[in-house]
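Numbering (the numbering used here), first residue to last: 1276 to 1621.
Encoded as structure tokens, the structure appears first; notes follow it.
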């Protein structure tokens, strides 16, 4: 049996084959190494760029923070503007105003009295647009007119009809009052008050404020236009009370709070007066009197004083909160049977 011939490659042949295989395997490695270098350079570049960006952003933020205005305290602002003395004066003024309010008057307030002399009393007679005939009745009875009214003022008594303005400002109602006042010169017109039935409780605040601002008097008297007045008797009563501060005079009473809507004397805020629904002690609405410092208290605090359905109960609620001296005088009870009473139902 013949054997197959065998051939053994020579050394040169083997060297050629090895070189070909080496060349075939080295090409992919070179390519991979090239892309690796490119990737490394890309990553290194991005990292370097990010580092540069962070440095730029950090510098911008630092510069922005340095330029940001500093928030100064009030104390620092006062130091910058040199206002320490002003701050001290403001503080002292605030303390004086607080003390003045607590005592019911403003320190060194100028008198509104034209003569510069302190009056005994300012008497305000409530009136309305439809009360022309009633005003004339008063002028013909207990209330002086013309020269007699001016002479009474020289003796320390000012009397004025008190009225507000029409809801339609400048209409015929306002013009008629202006004409009557020009002829008679016996009105205190409340420019900021709207003369309407539902606004009546607020009228008392405007009256006392205006009276205090216009005249310097010992007492301020509110009178309804449905009563007759014994003027000499009232003057005598006030003379006996001269120099009495914090005086709240009137025909004192307290009564049931009417909670049923539609009934006379209905109080919409009846629930504020407790389970027994009884009013606190207060002067009846027909005539009551306040001394100067109590009237000043109303003038100073009028913006925050709460009014109820009626002016007399509103005044009574304000007097509860201050150190007022309640003076119950039967001579001021207009329905009283006393012979020496100073008022009577008209």
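Think of the CB as a built atom: it goes at the ideal place given N, C-alpha and C, for glycine as much as any other residue.
Please read these numbers as outputs of a predicted model, since none were measured by experiment.
- The stretch 1437–1451 makes contact with the stretch 1463–1479, as at least three CB pairs between them are under 8 Å.
- Separation of residue 1394 and residue 1536 (C-alpha to C-alpha, rounded to the nearest whole angstrom) is 43 Å.
- Spanning the alpha carbons of residue 1600 and residue 1489 requires a straight line of approximately 25 Å.
- Counting along the chain, residue 1600 sits inside no alpha helix (DSSP H); it lies in the beta strand (DSSP E) bounded by residues 1600–1603.
- Closest in alpha carbon position to residue 1435, among 1474, 1452, 1543, is 1452.
- As DSSP reads the structure, residue 1468 sits in no beta bridge.
- With distances taken between CA atoms, residue 1572 lies nearest to 1593 out of 1303, 1585, 1593.
- Residue 1538 and residue 1590 have their C-alpha atoms spaced approximately 22 Å apart.
- Check the Cα spacing between residue 1577 and each of 1405, 1303, 1477, 1443: the tightest is with 1477.
- Listed in chain order, the beta strand (DSSP E) runs fully inside the stretch 1494–1575 are 1502–1504, 1522–1528, 1557–1566, counting runs of at least 3 residues.
- Separation of the CB atoms of residue 1552 and residue 1531 is rounded to 6 Å, and the pair is thereby assigned contact status at 8 Å.
- Contact between residue 1432 and residue 1494 does not hold, since the beta-carbon distance rounds to 10 Å and is not under 8 Å.
- Taking all protein chains shown into account, residue 1605 has fewer than 16 neighbouring C-beta atoms within 10 Å of its C-beta and is therefore exposed.
- Per the coordinates, the alpha-carbon of residue 1526 lies some 34 Å from the alpha-carbon of residue 1449.
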